[in-house]
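Sequential numbering from 23 applies to the sequence shown in the numbering used here.
Every residue, glycine too, gets a C-beta built ideally from N, C-alpha and C.
Keep in mind that this is a model prediction, so the values were computed, not measured.
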Amino acid sequence: MKTPRHTTHVRLDTNDKRMALLNVKDMDCMAGSAGRVTFLRQLQGKDKYKELGSFAFDGKWPVTEKENK
């Protein structure tokens with residue numbers, strides 16, 4: 023799956039109200055955890071992010087386009 027342009031981080035929000043924030047390069051660490059993945063761009067300043075898009079993630083890695091449609 024191709025990430026949006028300028029994506030620096032991803033956030034995984036699980037169904038049990040937990041959250042994980044990772045660099046895009048570490049996205050394979052989310053394998054086995056279902057939830058909603060949001061692509062983020064880090065802005066200037068600490069802990070400031072802009073949401074670029076999201077999709078439902080079932081925990082299967084690698085992610086393919088047709089599974090998410």
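{"Asked": "Beta carbon of V46 nearer than 8 Å to that of T60", "Found": "no"}
{"Asked": "Of the residues D38, L43, A56 and Q64, the one placed nearest F79, counting alpha carbons only", "Found": "A56"}
{"Asked": "Beta-carbon proximity list for M49, same chain, < 6 Å, skipping 5 on both sides", "Found": "V32"}
{"Asked": "Local conformation of K72 per DSSP, three classes", "Found": "strand"}
{"Asked": "DSSP three-state assignment for V85, whether helix, strand or coil", "Found": "coil"}
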